[in-house]
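Chemist: The following block contains the structure, expressed as structure tokens.
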Amino acid sequence: AYVVTDACIKCKYTDCVDVCPVDCFHEGPNFLAIDPEECIDCTLCVAECPVNAIYAEDDVPSGQEGFVALNAELSKLWPTITEKKDPLPDHEDWAAVEGKLQHLER
Ligand code: SF4
Ligand code: F3S
318 AYVVTDACIK
328 CKYTDCVDVC
338 PVDCFHEGPN
348 FLAIDPEECI
358 DCTLCVAECP
368 VNAIYAEDDV
378 PSGQEGFVAL
388 NAELSKLWPT
398 ITEKKDPLPD
408 HEDWAAVEGK
418 LQHLER
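The numbering used here numbers the first residue of the sequence shown as 318 and each following residue consecutively.
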């Protein structure tokens, strides 16, 4: 499955959800999570994300391995999102910030 990682936190551009053929994105307050049981590894969402937050689960950046389990957990808790919406208001300030996990809201 594909996995949403740190860069998405506090940005949530949502370009990714428009292209997913199986609607496997789930929306939290400031992050999206992919349901690994629904993702068919089509790769379409990867190029859509302006901050390159999406990786194959075997290819997540070093130090971000925990996002694999986090996507599985949070996708079960959050509702599906299938249509693009505006990014979060402060997205420009947070787009280049690394290590945002402490800001993740559930
Ligand atoms: Fe959806 Fe394809 Fe991205 Fe998986 S890889 S989340 S199926 S768009
Ligand atoms: Fe997040 Fe990128 Fe989608 S910022 S909402 S993974 S387009």
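Quick reminder that beta carbons are idealized off the backbone N, C-alpha and C, glycines included. Remember, predicted model here, so these are calculated numbers, not experimental data.
Per DSSP, which one or two residues make a beta bridge with I262?
Modeler: Here the chain covers residues 318 to 423 and nothing more, so residue 262 does not appear.
Chemist: Quick one: Cα of P367 to Cα of E390, how far?
Modeler: By 1-based counting over the sequence shown, the position of residue 367 is 50. By 1-based counting over the sequence shown, the position of residue 390 is 73. Roughly 24 Å between the two C-alpha positions.
Chemist: Over the uninterrupted beta strand (DSSP E) stretch that includes A389, give me the two end residues.
Modeler: Here residue 389 refers to the residue found at position 72 when the sequence shown is read from its first residue. Unbroken run through A389 is the alpha helix (DSSP H), 383-394; no beta strand (DSSP E).
Chemist: Could you tell me how far apart the beta carbons of L387 and I326 are, in whole angstroms, since I believe they sit closer than 8 Å?
Modeler: The residue given as residue 387 occupies position 70 in the sequence shown. The residue given as residue 326 occupies position 9 in the sequence shown. Wrong, their Cβ atoms sit about 11 Å apart, outside the cutoff.
Chemist: Relative to the ligand SF4, is the shortest distance from any of its heavy atoms to the C-beta of K338 smaller than 7 Å?
Modeler: Along the sequence shown, one-based indexing puts residue 338 at 21. Sequence inspection shows Pro at residue 338; the Lys mentioned does not correspond to that position. Because some heavy atom of the ligand SF4 lies under 7 Å away, the Cβ of P338 counts as near it: yes.
Chemist: Let me check one thing: in DSSP terms, what residues is A373 bridge-paired to?
Modeler: For the purposes of this step, residue 373 is taken as the residue at position 56 of the sequence shown. DSSP output for A373 lists Y319 as bridge partner(s).
Chemist: Is any heavy atom of the ligand F3S found at a distance shorter than 7 Å from the C-beta of I357?
Modeler: Taking the sequence shown and counting its residues from 1, the one referred to as residue 357 is at position 40. No; taking the cut-off as 7 Å, the Cβ of I357 has no heavy atom of the ligand F3S nearer than that.
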